[in-house]
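Protein chains: 2
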Amino acid sequence: MSSIKITGHRINDVRFPTSLTGDGTDAMNTECDYSSAYVTLLTDSPDGLVGHGMTFTIGRGNDIVCTAIKEVANRLVGKEIESLFSDMGKAWDYIMADPQLRWIGPEKGVIHIASGAVNNALWDMFARSRNKPLWKLVVDFTPEEFVRATAFRYITDAITREEALALLKAKEATKAEREASVRSTGYPAYVTSAGWLGYSDEKVARLTKEAVAAGFNHFKMKVGANRDSDLRRGKIIRSVIDDPANLPNGHKPPSPASLEGKNAGPTGAVLMIDANQVWDVPQAIEYVKSLEEIKPWFIEEPTAPDDILGHAAIRKALKPHGIGVATGEHAHNRMVFKQLLQAEAIDVCQIDSCRLAGVSEVLSVLLMAAKFGVPVCPHAGGVGLCEYVIHLSLIDYIAVSGSIERNVLEFVDHLHEHFLYPCSINQQGKYNVPTNPKEGYSIEMHEKSIQEFGWPNGSYWVGARKTEN
Amino acid sequence: MSSIKITGHRINDVRFPTSLTGDGTDAMNTECDYSSAYVTLLTDSPDGLVGHGMTFTIGRGNDIVCTAIKEVANRLVGKEIESLFSDMGKAWDYIMADPQLRWIGPEKGVIHIASGAVNNALWDMFARSRNKPLWKLVVDFTPEEFVRATAFRYITDAITREEALALLKAKEATKAEREASVRSTGYPAYVTSAGWLGYSDEKVARLTKEAVAAGFNHFKMKVGANRDSDLRRGKIIRSVIDDPANLPNGHKPPSPASLEGKNAGPTGAVLMIDANQVWDVPQAIEYVKSLEEIKPWFIEEPTAPDDILGHAAIRKALKPHGIGVATGEHAHNRMVFKQLLQAEAIDVCQIDSCRLAGVSEVLSVLLMAAKFGVPVCPHAGGVGLCEYVIHLSLIDYIAVSGSIERNVLEFVDHLHEHFLYPCSINQQGKYNVPTNPKEGYSIEMHEKSIQEFGWPNGSYWVGARKTEN
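Chains A and B are the protein sequences, given in the same order.
Sequential numbering from -8 applies to the first sequence in my numbering.
Sequential numbering from -8 applies to the second sequence in my numbering.
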């Protein structure tokens, strides 16, 4: 097995026409065609071992990312897979180390998300080669193996390898317990689907009721386009989620620990609000203060994602009003998360499985968040993100933070049908644990979907252009 | 004239084979083919008005940036130029505002530098249309026009439009004086050409002597690959620049004000060192302390360019050793500069004309740096950067900071022959002021150079491949 090599790659630009439905509209992103820059790493393995990875975009520019993926994936062609798997931290450094490609980042934007797609494909291959879902591969690592697989450059002032080892060792003895527990209960989730700006009040109320009935008790609403409308929609949502009459039969009240500091209502329901970066810092403070009445747990992405000190200032100003700050879906690398934690700028750390450069960089953020005691609630939605992030939250809970009480994982019920191993939600509104030994990082897409929604020549898009003409 | 429209664009991937000579090697960037992702915006003007712009890369990936430039430039096709020129801040917002393209940044990496190339081309066209070099166009703005042309989103917690106006108004009455003065003396420059890691000790000594003889008194050396070698090369450079025997005839000693806090030697020579991001924060502190003996003014890019708090920690630790911190050539947008200033992380603000998204974003950084009292010493070198930055430093001196005493502008004597209006250095080692009313932003490239070094099918590269085979 040791001589199996990566022999090439296949890259697909896949775009879904979500802009037609108004799904996914927020104050910044007014039209989105959820898209996947999708890569399959090929090998000369006799049993057909491959690795699938992708990054997520919202349409135009997906081709630019695909071009970048090709450049990065080329670096792996000819490499022996067991040599890569034996030191995934080194493999990550290697993927990032082309000085010419680095220049057009560095470690940010197109080249970084492209590198993430390739790193994720390599991790998917690694997990498949061991017949384990990705999360299980990683939680079964020894602490030494875990640290070796982590991207460590530029973060040693926040956490050293030795500190990371100690942190992982402290959790090692109880991993099996947590794994058994989460396999039986599932991982806590929340829904955003009800609160898009593009929806009517009636649709918001209906979708919120459905979410309550489905067992969810965390709900997110998009804000920032219009204060009066935000307040009106927020009150509608609160009236639905705070009304005991809407709770499903057999509803069990959430534990006090899981609601601590979350501004929960009388039924234990939690509301989050998300501005998608529309404000300057002083504006953010003033606007969010004025939404105090709807009692949000946190404001997500109040300003530019690069503005660490801005987030810290907003958090400080909103604290007396009982509202926290969350960000991360556009935090472009581990150095940004490091500083958000160092500056005490966030209450919740929202990693993105596609914005960070793959699993190896995610591991570094999980370690830092655990050290700083900040819960990780990954960003999801779009296409493929939910499939990815359940793995990351399981790694966090079982092997790193050991904590699940305050965590909730975003869930959006879009586009899962395109994946061979779609994520799913149980009767209590929680993510099921992926268990298929063949599913790797759960991101393999149906060939039919790739063909139908391939850009620009997939059958869907050819048909759409015919209809236009 | 008011009906002239942008009708299209021409984009060229131009790469110069600088990796053959060892020019431009540093601790991070071990091989570079200095490249230009070059764009010309075309109009239907009867007198053939166009606008040229570019961004700089070091080789591979330049094609990715060209693809992104095409997407961004498409947004301007069909727009009336006078409408754009009348509110360049709004034009900048518009260039940045495509939500789908924004996603693959946002405001960073490939899409941001591509947007910069397009914004610069628009500014070049604006200046040409007014028969002024770019710097002159901008310094002749009223304070109101200047602020309207500036990118202001996400920085109002550091500087409001009103503060910017007040700052510009305070400098208005004395603009003409400063313009006359700098036209006659030139703008202070420094050289990096002597201190590349790829050069032998002998070559370093020889080039340093030549630079001293040419009138320079600020010198930069690359460090970070090997401490002993850095110390040895540093001592060689110091011995040359500190020796009065090497000074040119008629040498005038620099003013005390221009040397304040710069660790200058007995002849008034100043040494800077540049690590190009190779260290983690604790490493940076330890390594640079050990170079105290060669008395650097500052360490440039000691760690990851995104690490604002890391730079602040390094600056604090090095202060007792008399060594400052500079960064900016990879600071990817105005929000990063805002925080570097807010966190007191830098002694010197090194804007990059191509990393920031064009003149409109540069103006916002100039305003913030002036407010915080930090001198702006732009990054240059590569290809085209020197041509660009003399304009930016002139704007800073004449209209914004009003200060030139502590400023020095990087100069590297590479590849200027490819431009129609190359920058130049006078006998006192200072940049000459661009004066041709036709030169715009001085970035128009000779058609012959574009054809010869066009990638992959320019005559040079076709010939190089033939030689290889």
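The C-beta atom is built at its ideal place from N, Cα and C for all residues, glycine as well.
At a Cβ-Cβ threshold of 8 Å, residue 40/B and residue 116/B count as neighbours. For residue 165/B, there are no C-beta contacts with chain A under 7 Å, since the nearest C-beta of that chain is about 31 Å from it. Apart from sequence neighbours up to five positions away, the residues of its chain that approach residue 60/A with a beta-carbon distance below 7 Å are 2, 28, 30, 105, 108 and 109, ordered along the chain. Taking 8 Å as the cut-off, the Cβ atoms of residue 339/A and residue 365/A count as close.
Taking a Cβ-Cβ cut-off of 8 Å, the neighbours of residue 62/A in chain B comprise 51, 52 and 55, given in sequence order. DSSP places residue 410/B within a strand segment (E or B) once states are collapsed to three. Identification of chain B residues near residue 83/A by a Cβ-Cβ cut-off of 9 Å yields none; the smallest Cβ-Cβ distance measures about 15 Å. Residue range -3 to 6 is occupied by the beta strand (DSSP E) that includes residue -3/A. Interface criterion not met: the Cβ of residue 45/B is under 8 Å from no Cβ in chain A. In this structure residue 206/A is buried. Its beta-carbon is surrounded by 16 or more other beta-carbon atoms within 10 angstroms.
Only those residues of the stretch 87 to 115 of chain B whose C-beta falls short of 8 Å from the nearest C-beta of chain A are listed: 89, 90, 91, 92, 93, 94, 95, 96, 97, 98, 99, 100, 101, 102, 103 and 104. Residue pairing for residue 388/A: DSSP places it in no beta bridge. If you compare the alpha carbons of 147/B, -1/B, 220/B and 62/B with that of residue 356/B, the shortest gap goes to 147/B. Judged by DSSP secondary structure, residue 302/A falls within the alpha helix (DSSP H) whose first and last residues are 299 to 309. Counting along the chain, the unbroken beta strand (DSSP E) around residue 401/B starts and ends at 400 to 402. With a threshold of 16 other beta carbon atoms within 10 Å, residue 153/B falls short and is exposed.
Fully enclosed beta strand (DSSP E) runs of no fewer than 3 residues occupy 178 to 186 and 209 to 213 of the stretch 137 to 214 of chain A, in order along the chain. One Cα belongs to residue 337/A, the other to residue 325/A, and the distance between them is close to 15 Å.
Pairing residue 389/A with residue 68/A gives a Cβ-Cβ distance that is not under 8 Å. For the set 128/A, 283/A and 32/A, the Cα lying nearest the Cα of residue 431/A is the one of 128/A. Residue 437/A carries a coil assignment under DSSP once its states are collapsed to helix, strand and coil. Against residue 3/A, chain B offers no close residue; the least beta-carbon distance is about 17 Å (beta-carbon pairs closer than 8 Å). When Cβ-Cβ separations below 8 Å define contact, residue 370/A makes no contact with chain B. Boundaries of the alpha helix (DSSP H) harbouring residue 222/B: 218 to 232, taken from the DSSP string. Residue 114/A has its alpha-carbon roughly 31 Å from the corresponding atom of residue 299/B. With respect to chain B, the C-beta atom of residue 293/A has no partner C-beta closer than 8 Å. Bridge partners of residue 46/A according to DSSP: 28/A. Annotation: the continuous beta strand (DSSP E) that includes residue 315/B extends over 315 to 318. According to the DSSP secondary-structure assignment, residue 289/B is paired through a beta bridge with 315/B. Among the residues facing chain A, residue 301/B is included, as its CB has a counterpart in that chain under 8 Å away. For residue 373/B, the CB contacts under 7 Å within the same chain, skipping 5 residues up- and downstream, are 25 and 47 in chain order. For residue 436/A, there are no C-beta contacts with chain B under 7 Å, since the nearest C-beta of that chain is about 20 Å from it. Annotation: the continuous beta strand (DSSP E) that includes residue 261/B extends over 261 to 265.
Within 10 angstroms of the beta-carbon of residue 454/A lie fewer than 16 other beta-carbons, which makes it exposed. Going by beta carbons, residue 50/B and residue 23/B fall inside the 8 Å limit. Closer than 8 Å to the CB of residue 324/B there is at least one CB belonging to chain A.
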